[in-house]
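Numbering (our numbering), first residue to last: 131 to 457.
Glycine residues also receive a C-beta, built at the ideal position from the N, C-alpha and C atoms.
Note that the coordinates shown come from a computational prediction; the quantities given were computed from them, not determined experimentally.
So the structure is just underneath, and the comments pick up after that.
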Amino acid sequence: MWNRTRIRNCFPIVCLLLTLWTEVSQSTGYFELQLISVENVNGELADGECCDGYRSSVDLRCTQDECDTYFKICLKEYQMEVTTTSTCTFGAGSTQVLGGNMFSFKGAKNNPNKIDEGGKILIPFQFAWPRTYTVIVAAWDWDNSTRNIDEELLIERSIHTGMINPGDPWQTILHDGPVARIVYRIRLRCDENYYSNKCNKLCVPRDDYFGHYRCEPSGAQLCLGGWMGSDCRTAICKQGCDLLHGSCSAPGECKCNYGWQGQFCDECMLFPGCVHGTCNVPWQCKCERNWGGLLCDKGMEKIKNYFLPPIPKPRIIGIDPLLLKSQ
Ligand SMILES: [Ca+2]
Ligand SMILES: [Ca+2]
131 MWNRTRIRNC
141 FPIVCLLLTL
151 WTEVSQSTGY
161 FELQLISVEN
171 VNGELADGEC
181 CDGYRSSVDL
191 RCTQDECDTY
201 FKICLKEYQM
211 EVTTTSTCTF
221 GAGSTQVLGG
231 NMFSFKGAKN
241 NPNKIDEGGK
251 ILIPFQFAWP
261 RTYTVIVAAW
271 DWDNSTRNID
281 EELLIERSIH
291 TGMINPGDPW
301 QTILHDGPVA
311 RIVYRIRLRC
321 DENYYSNKCN
331 KLCVPRDDYF
341 GHYRCEPSGA
351 QLCLGGWMGS
361 DCRTAICKQG
371 CDLLHGSCSA
381 PGECKCNYGW
391 QGQFCDECML
401 FPGCVHGTCN
411 VPWQCKCERN
421 WGGLLCDKGM
431 EKIKNYFLPP
441 IPKPRIIGID
451 PLLLKSQ
């Protein structure tokens, strides 16, 4: 039966697992560890015995048959007091036999900064990266009879705890242990399309009907030029386009609504056939000065003449008609 102490001890682990479980599938990335060099000068195991063969009587080194060195990596939550037997909650990885007592993955002379990929171990994860971690890097000797429980074949164990954010730069860790000196480097990277410090923001850059954006390091969408709005699906119309009477489906366009025209869609269309008229709204024919009629094609003089009564002939009184005739 579970007693109270046991429940209390297990509670943090249960909480951690619940947290990880709820965020499964919403985030993804991988912890990358790359071995740089191993120096086990004497070819010994952690318990002081030779990995294989006998100790030389001359220099007391186990160089008759070198260690068959391989690695196991355990990644788990940050532990104040690290236990090497508890579950690797964040993941685990291992290598083949990589070399003997001393080997290095540093690049050739022509490119000393390059590290051979042979010593690389990837531990993928599918939860929101919690930033703090414990990594246990253990070197082991392989024998043909090796089984997973052969604790006596341990060569060296490096325990490292810390904080790490996703990024390209590496952190180099030097472990100068009693038996071996191990140099390795680590980094954390989000999978493609996953962003933020926890690798839990999904953003897939696109440039199609469903959106026009790329992704910021935070995972936020950054609209491509000419697009805005939710998912960057709204085109930004030509500068100056009257958006009350025009719109666009592609950046820089200005397509006019029915009844409007011009490069900015700010000119109304006249009533068809309107000659000397203007408009404030589509299909108007508001006559210019001195013009009238439905199509503003009639001069005002003619209209006046048409509507006004005929002007009576002046009657001239007291003037000699002969005088008028002579004028
Ligand atoms: Ca050997
Ligand atoms: Ca061996």
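Query, Result
"Do residue 303 and residue 263 come within 8 Å of each other at the CB atom, strictly closer than that value?", "no"
"Taking the beta strand (DSSP E) that residue 222 falls in, what are its first and last residues?", "221-224"
"According to DSSP, is residue 283 part of a helix, a strand, or is it coil?", "helix"
"Can you tell me whether residue 458 sits near ligand 1, meaning its C-beta is under 7 Å from at least one heavy atom of the ligand?", "Because the chain spans 131 through 457 in this model, residue 458 falls outside it and cannot be assessed."
"Taking all protein chains shown into account, do 16 or more other C-beta atoms lie within 10 angstroms of the C-beta of residue 343, making it buried, or fewer, making it exposed?", "buried"
"Of the residues 313, 316 and 363, which one's Cα is nearest the Cα of residue 336?", "363"
"Distance, Cα to Cα, residue 427 vs residue 359?", "48 Å"
"Quick check: residue 378 and residue 400, are their CB atoms within less than 8 Å of each other?", "no"
"Can you list, in chain order, the residues of its chain whose CB lies under 6 Å from that of residue 370, leaving out five sequence neighbours each side?", "394"
"Spatial neighbours of residue 151 within its chain, please: C-beta separation below 6 Å, excluding the five flanking residues on both sides.", "With a pLDDT of only 46 at residue 151, under the threshold of 50, the placement of this residue in the model should not be trusted, and no figure is reported."
"With distances taken from CA atoms, which of 235, 357 and 332 is nearest residue 258?", "332"
"Nearest by alpha-carbon distance to residue 231: which of 201, 252, 221 and 251 is it?", "201"
"Under 6 Å Cβ to Cβ from residue 182, same chain only, skipping five residues before and after it: list those, please.", "195"
"Between residue 170 and residue 268, is the Cβ-Cβ spacing less than 8 Å?", "no"
"Tell me which same chain residues have a C-beta within less than 7 Å of the C-beta of residue 412, skipping the five on either side of it?", "389, 390, 398 and 399"
"Can you tell me whether residue 282 sits near ligand 1, meaning its C-beta is under 7 Å from at least one heavy atom of the ligand?", "no"
"By Cβ distance below 8 Å, which residues in the same chain neighbour residue 298 in space, the five residues on each side in sequence not counted?", "317 and 319"
"DSSP state of residue 430, grouped into three classes?", "helix"
"Count the other CB atoms within 10 Å of the CB of residue 292; is the residue buried (16 or more) or exposed (fewer)?", "exposed"
"Rounded to whole angstroms, what is the Cα-Cα separation between residue 223 and residue 253?", "6 Å"
"Compare the C-alpha of residue 326 against each of 312, 346 and 308 and name the closest.", "346"
"On the premise that residue 197 lies in contact with residue 271, defined as a C-beta separation below 8 Å, what is that separation, rounded to the nearest angstrom?", "5 Å"
"Is residue 192 near ligand 1 - that is, is its Cβ less than 7 Å away from at least one heavy atom of it?", "no"
"Short of 6 Å in beta carbon distance, which residues of its chain neighbour residue 227, apart from the five on each side in sequence? Order them along the chain.", "198, 200 and 272"
"For the beta strand (DSSP E) containing residue 342, name the first residue and the last one.", "341-345"
"Whole angstroms is fine: what's the gap from residue 296's alpha carbon to residue 368's?", "40 Å"
"If I measure Cβ to Cβ from residue 206 and keep anything under 6 Å in the same chain, skipping five residues before and after, which residues do I get?", "218, 219, 220 and 264"
"Could you spell out where the beta strand (DSSP E) holding residue 314 opens and where it closes?", "311-320"
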